[in-house]
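Single-structure report; data block below.
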Amino acid sequence: MLKYILKRILTIIPVVIAVSFIVFFIMDFVPTDPAVTALGDGATEEQLNYYRETHGLNDPLIVRYARYMAGIFRGDLGTSYANQLPVWDLFFDKFPNTLRLALASVVVTVLLSLPLGILAAVKENTWVDTVCSTLSFVGLAMPNFWLGLLLIMLFAVNLHWLPSTGAAGFSSLILPAITCGTGNMAALTRITRSSMLDVLRQDYLRTARSKGQSERTIIFRHAFRNAQIPVVTQIGIQMSTLIGGAVLTERVFAWPGVGAFMVDSIQKSDFEVVTGFVIMLAIFVSLVLLLVDVLYAFLDPRIKAQYSRN
Amino acid sequence: MKKNQDAAISVKENRALEVWRQFRRNKGAMIGLALLIVLVLVAVFADVIWDYENDIIQMQIGNRLAPPSWEHPFGTDNYGRDMLARIGYGTRYSLLIGFVSVLIGTVIGVPIGAISGYVGGKVDNVIMRIVDTFTIIPSLLMTIILVSVLGTNLFNLMIALSISTIPVMTRITRASVMVVRNNDYIESARAIGAPTGLILLKHVLPNCFSPILVQATLRVGSSIISAAGLSYIGLGVPLPTPEWGALLSASKSFIIKAQHMCLFPGLAIMITVMVINLVGDGLRGALDPKLKR
Amino acid sequence: MARWTPSSSDKEEQSVFKHKQNRQRIVQALEEKRASTSNAVFVEHLTVQYVTSKETVAAVNDISFTLPKKRTLGVVGETGAGKTTAMLSLMNMVPDPPGRIVSGDIQVGGLDMRSLSPSELQCVRGQEIAMIFQDPMTSLNPVVTVGEQIAESVLLHQDISKQAAMVQAKAMLAKVGIDPDRAGEYPHQFSGGMRQRVGIAIALACKPSVLIADEPTSALDVTIQAQILHLMRELKEENGASMILITHDLGVVAELCDDVAVMYAGHIVEYGMLEEVFNHTRHPYTEGLFNSLPNIRNRVALLQPIPGLMPDPSKLPRGCAFAPRCSYATDACREQAPDVHHFSDTHTVACTAYRDASFAIKRRDIE
Chain P
14 MLKYILKRIL TIIPVVIAVS FIVFFIMDFV PTDPAVTALG DGATEEQLNY YRETHGLNDP
74 LIVRYARYMA GIFRGDLGTS YANQLPVWDL FFDKFPNTLR LALASVVVTV LLSLPLGILA
134 AVKENTWVDT VCSTLSFVGL AMPNFWLGLL LIMLFAVNLH WLPSTGAAGF SSLILPAITC
194 GTGNMAALTR ITRSSMLDVL RQDYLRTARS KGQSERTIIF RHAFRNAQIP VVTQIGIQMS
254 TLIGGAVLTE RVFAWPGVGA FMVDSIQKSD FEVVTGFVIM LAIFVSLVLL LVDVLYAFLD
314 PRIKAQYSRN
Chain W
30 MKKNQDAAIS VKENRALEVW RQFRRNKGAM IGLALLIVLV LVAVFADVIW DYENDIIQMQ
90 IGNRLAPPSW EHPFGTDNYG RDMLARIGYG TRYSLLIGFV SVLIGTVIGV PIGAISGYVG
150 GKVDNVIMRI VDTFTIIPSL LMTIILVSVL GTNLFNLMIA LSISTIPVMT RITRASVMVV
210 RNNDYIESAR AIGAPTGLIL LKHVLPNCFS PILVQATLRV GSSIISAAGL SYIGLGVPLP
270 TPEWGALLSA SKSFIIKAQH MCLFPGLAIM ITVMVINLVG DGLRGALDPK LKR
Chain C
236 MARWTPSSSD KEEQSVFKHK QNRQRIVQAL EEKRASTSNA VFVEHLTVQY VTSKETVAAV
296 NDISFTLPKK RTLGVVGETG AGKTTAMLSL MNMVPDPPGR IVSGDIQVGG LDMRSLSPSE
356 LQCVRGQEIA MIFQDPMTSL NPVVTVGEQI AESVLLHQDI SKQAAMVQAK AMLAKVGIDP
416 DRAGEYPHQF SGGMRQRVGI AIALACKPSV LIADEPTSAL DVTIQAQILH LMRELKEENG
476 ASMILITHDL GVVAELCDDV AVMYAGHIVE YGMLEEVFNH TRHPYTEGLF NSLPNIRNRV
536 ALLQPIPGLM PDPSKLPRGC AFAPRCSYAT DACREQAPDV HHFSDTHTVA CTAYRDASFA
596 IKRRDIE
């Protein structure tokens with residue numbers, strides 16, 4: 014099992030390198046000039062040229078990439094052209110906010126989706142199922158940034174119960190978490206429902222019933238435990254998407270996270286920031302996916318056996 | 030020979046008819062289809078219904094931020110323009126972007142996925158690693174980078190969204206092909222010496238048709254939402270195009286005074302996506318005989 | 236997904252479950268109730284249907300039988316004859332929807348199974364009556380260890396600690412021939428035969444007085460079959476339990492059963508003691524079943540399968556369900572439901588042809 018984890022951690026490295034190259038390469042085509050970003054609009058052509066020379070901006074792509082990657086392996090993520098700060102510091106200034114939002118969203122999603130999905134499956138084809146399915150259906154179609162605006166409208170502007178922007182304290186986390194969480198909730202409810210439906214048809218539930226087990230225990234201990242894998246997979250995917258930056262939600266709520274900052278950096282052609290952030294995010298996302306895969310082993314002993322075999 | 034071809038065509042026709050009959054039974058899907066047709070008509074005839082210069086662009090300062098009324102069922106915006114006209118006209122952009130980007134993504138992604146799934150081995154490995162790297166980069170970010178590179182206009186937005194659709198279509202095609210590839214009739218076709226391309230076209234792909242079609246329909250909805258999102262942060266369509274996301278972006282500043290500006294464009298997006306998903310779900314139900322309802 | 240509508244409990248039953256909190260008292264009360272009746276199972280006029288929006292499937296049609304204590308009843312028939320549905324009804328476990336017990340009196344250990352509430356049924360299942368299922372590959376929960384699955388049965392019916400239950404579970408494993416140290420392993424780590432042994436251990440963990448075995452060896456190879464049947468017989472005798480063995484294999488019936496019920500299209504067409512049904516066969520369908528067996532003594536004879544197929548249970552014919560395939564069928568057979576004839580106190584046959592006193596099937600009696 015441990016060997017499996019180590020092997021997986023090792024495969025993160027080539028992925029990160031590939032990702033960094035792709036981003037670095039494409040960023041090269043962004044029309045903004047990093048020198049202008051660094052020196053501002055008022056700089057003269059002479060100053061810009063000097064800047065480009067001293068910062069190696071005129072070198073070919075491969076050279077610049079190699080230099081950048083050499084820095085990465087030394088632990089240096091580069092420096093922002095826009096504000097001269099180390100990318101490392103910038104990342105770990107913003108990332109905790111993104112992480113907080115991601116975790117809060119996942120909690121919201123899981124707390125709502127799992128009961129709804131299980132309920133819809135157990136009461137399949139009754140009005141309960143129809144209501145749950147309709148709710149998920151509507152939730153899936155709603156653009157989450159619009160939901161954010163509506164929530165601000167209702168709770169901040171009309172009712173004055175919650176703040177509309179900023180990241181100070183717990184109350185400002187609520188609306189953004191609900192915004193991110195709701196869209197995902199629709200998808201997770203669907204998956205929970207469909208996974209439970211598959212399991213509810215299985216014979217071993219009948220065996221449990223014949224022992225005299227109660228329906229509730231059968232649903233939660235026997236059925237749900239077998240339905241967990243697709244659910245956990247989806248939670249993992251959602252978590253990794255949220256880490257990647259819930260850009261739109263961050264914009265709506267002025268949440269100082271990674272996503273919004275990256276959008277600005279892209280437009281300023283601050284490629285060291287963008288590449289550095291993407292690398293860090295790729296590492297974290299890969300770790301989350303690895304965590305999910307490890308979790309599988311604890312949920313299903315057959316999968317654990319597979320890992321040990323390989 | 031001709032008889033066989035006729036028989037083959039009539040089998041296909043019968044299948045299409047059977048699918049349609051199943052589809053018709055699904056009330057939700059039929060409602061969705063009807064509404065979708067309405068939306069498409071509005072998009073196509075938008076120029077006839079409204080005059081672009083007068084209704085959409087021309088500012089009428091006297092009537093700014095008016096709430097919904099008989100004359101302006103969705104109210105007016107901060108320049109006094111009729112919201113109904115702007116939203117109605119915006120149908121063009123969303124539908125166009127949604128369908129075209131998915132179409133391009135499918136046309137490129139499906140063959141790649143089919144080859145990857147069918148041939149397997151090293152080719153499959155290489156292709157999937159490339160697809161994986163694009164999947165790890167959050168798709169919205171990827172799209173933002175692409176738009177920043179290409180420039181902010183409708184065409185580039187479609188290109189960027191197409192590119193982010195490709196990995197999804199590749200994956201789903203590959204998965205279906207891998208399942209179908211193991212079936213016996215593929216073995217028989219190979220055994221009589223049919224070339225790979227022919228096998229793929231005539232035997233493999235027609236059987237993967239349904240999951241690909243269903244996924245494509247569902248991706249239209251997410252493309253529309255992504256396009257709106259990008260326009261919201263100013264990276265989608267250029268001003269003053271009345272795309273729904275752009276309309277929402279404009280409503281930000283008036284969230285206190287004119288809440289109708291925020292409500293209706295979002296509703297338009299939501300309803301359009303729901304309508305498309307209804308049709309998509311209906312298709313899935315009609316194409317898959319074993320689906321649990 | 237099963238759903239039970241609670242019904243009014245019989246006053247007598249209520250006294251058995253009066254002390255629901257104290258499981259020992261329930262076990263005692265069940266014992267007393269059982270002692271007061273002479274039969275382990277009593278079924279009369281049981282009819283079960285599956286009702287969907289498209290059609291109504293008549294799975295079990297008005298069957299009646301009695302299982303005396305300590306005896307084994309073999310229920311024989313082809314797939315789709317309604318055997319499993321009938322036996323699930325004994326535990327009131329027919330999935331509802333779409334299944335429905337339309338009518339019938341079902342008594343197990345003296346208890347009226349149809350009038351018990353869900354929580355009362357939970358007390359009875361596993362403790363009084365238990366079932367061994369057909370497919371060992373799918374009837375065990377893949378994410379729970381086998382030890383825990385056996386212990387679960389114990390914990391449901393005894394007030395003991397988890398550790399004590401596990402001790403009992405391990406003892407059960409040993410009894411069915413599995414190394415008790417394997418209690419912490421998962422079903423996928425066992426072969427089919429061993430999984431079926433686990434299934435037997437689960438069913439017998441609380442020493443039920445009625446055991447239903449639904450084709451317990453159909454999914455296993457012949458050599459394992461013999462072991463499993465032998466094991467079941469041993470354990471059944473040890474516990475003094477009664478058993479209902481569902482099977483399509485007449486050889487297994489001959490090995491293990493005291494009484495036989497032959498089912499066709501949801502009806503019991505012939506019912507009697509083993510010797511009567513095998514050596515004094517009366518029903519044409521039963522004759523057909525025997526004819527379908529290859530005869531080891533007569534190697535050149537052709538197999539004589541019964542022509543045709545079992546009728547669609549949603550569209551049963553008007554008269555005798557077997558008439559379309561029966562070589563002895565008369566018009567009376569096709570028009571009315573078959574008469575029931577008694578050839579002895581214990582041997583009954585549902586066949587209209589016996590109205591004619593001189594009628595006899597081709598299969599000779601074996602003395």
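One line per chain: the protein sequences are P, W and C, in this order. Numbering of the first sequence is given in my numbering, commencing with residue 14 and proceeding in unit increments. Numbering of the second sequence is given in my numbering, commencing with residue 30 and proceeding in unit increments. Numbering of the third sequence is given in my numbering, commencing with residue 236 and proceeding in unit increments. Backbone N, C-alpha and C define an ideal beta-carbon position, used for all residues, glycine too.
Contacts around residue i, its chain only, beta-carbon distance under 7 Å, and the 5 residues preceding and following it disregarded
i	result
Asp313(P)	Ile242
Leu132(P)	Val141 and Cys145
Gly109(W)	Met88, Gln89, Ile90, Gly91, Asn92 and Arg93
Listed by chain order, chain C residues near residue i by CB distance under 8 Å
i	result
Gly225(P)	Leu356, Gln357, Cys358, Val359, Arg360, Gly361, Gln362, Ser388, Leu391 and His392
Spatial neighbours of residue i in its chain, beta-carbon cut-off 8 Å, leaving aside the 5 residues before and after
i	result
Asn376(C)	Gln384 and Pro422
Thr45(P)	Gln280, Lys281 and Ser282
Ala606(C)	Outside the modelled stretch of chain C, which goes from 236 to 602, sits residue 606(C), for which no answer is possible.
Glu602(C)	Asn514
Residue i classed as buried or exposed, judged by whether at least 16 other C-beta atoms fall within 10 angstroms
i	result
Ile221(W)	exposed
Tyr214(W)	exposed
Ala181(P)	exposed
Met155(P)	buried
Met293(P)	buried
Ser280(W)	buried
Met467(C)	buried
His465(C)	exposed
Phe184(W)	exposed
Gln357(C)	buried
Tyr81(W)	exposed
Gln362(C)	buried
Thr202(W)	buried
Cross-chain neighbours of residue i in chain P, by beta carbon under 8 Å
i	result
Cys291(W)	Trp159, Leu162, Leu163 and Met166
Cross-chain neighbours of residue i in chain C, by beta carbon under 7 Å
i	result
Gln215(P)	Thr373
Arg206(P)	Within chain C, no residue comes near Arg206(P); the closest Cβ sits about 13 Å away, beyond 7 Å.
Arg77(P)	None at all; the shortest Cβ gap to chain C is about 52 Å.
Own chain, CB closer than 6 Å to residue i, minus 5 neighbours either side, in chain order
i	result
Phe37(P)	Tyr78 and Thr288
Ala585(C)	Val504, Pro573 and Val575
Phe284(P)	Met40
Phe86(P)	none
Ile156(W)	Ser145
Residue i: contacting residues in chain W (beta-carbon distance under 8 Å)
i	result
Arg113(P)	In chain order: nothing, as chain W lies at least about 18 Å away.
Leu261(P)	Leu169, Gly258, Tyr261 and Ile262
Ala295(P)	Ile165 and Ile166
Arg80(P)	Those do not exist, as Arg80(P) stays about 21 Å from chain W at its closest Cβ, beyond 8 Å.
Closer than 7 Å at the beta carbon, the chain P residues around residue i
i	result
Met366(C)	Ser223
Gln16(W)	Nothing can be reported for residue 16(W): it is not among the residues displayed for chain W, which extend from 30 to 322.
Within chain W, partners of residue i - CB distance below 7 Å
i	result
Val276(P)	Ile173 and Ile262
Phe42(P)	Val178
Between the region 158 to 191 of chain P and chain C, which residues of the former have CB atoms less than 7 Å from a CB of the latter, in chain order? none
Contacting positions in the region 15 to 35 of chain P - beta carbon closer than 7 Å to chain W: Val28, Ala31, Val32 and Ile35
If you scan the region 402 to 487 of chain C from start to end, which runs of the alpha helix (DSSP H) of 4 or more residues do you find wholly inside it? The alpha helix (DSSP H) runs lying completely inside the region 402 to 487 of chain C and spanning 4 residues or more are 427 to 439 and 457 to 474, given in chain order.
If you measure beta-carbon to beta-carbon, which residues of the region 99 to 110 of chain P are closer than 7 Å to chain C? Those residues of the region 99 to 110 of chain P that come within reach of chain C (Cβ to Cβ, closer than 7 Å) do not exist; the list is empty.
Closer than 8 Å between beta carbons: that is the criterion. Which residues of the region 143 to 154 of chain P meet it against chain W? Phe150, Val151, Leu153 and Ala154
Quick check for students: name the residue ranges of the alpha helix (DSSP H) that lie wholly in the region 477 to 555 of chain C, counting only runs of 4 or more. Complete alpha helix (DSSP H) runs here, min 4: 485 to 491, 509 to 514 and 519 to 526.
Select from the region 229 to 240 of chain P all residues with a C-beta closer than 7 Å to any C-beta belonging to chain C, and list them in chain order. Correct list: His235, Arg238 and Asn239.
Residue ranges of each alpha helix (DSSP H) within the region 87 to 145 of chain P, 4 or longer: 100 to 135
Under 8 Å (Cβ pairs) to chain P, residues found in the region 66 to 81 of chain W: Answer set for the region 66 to 81 of chain W: empty.
Taking beta-carbon pairs under 7 Å, can you tell me which members of the region 414 to 435 of chain C lie near chain P? Tyr421 and His423
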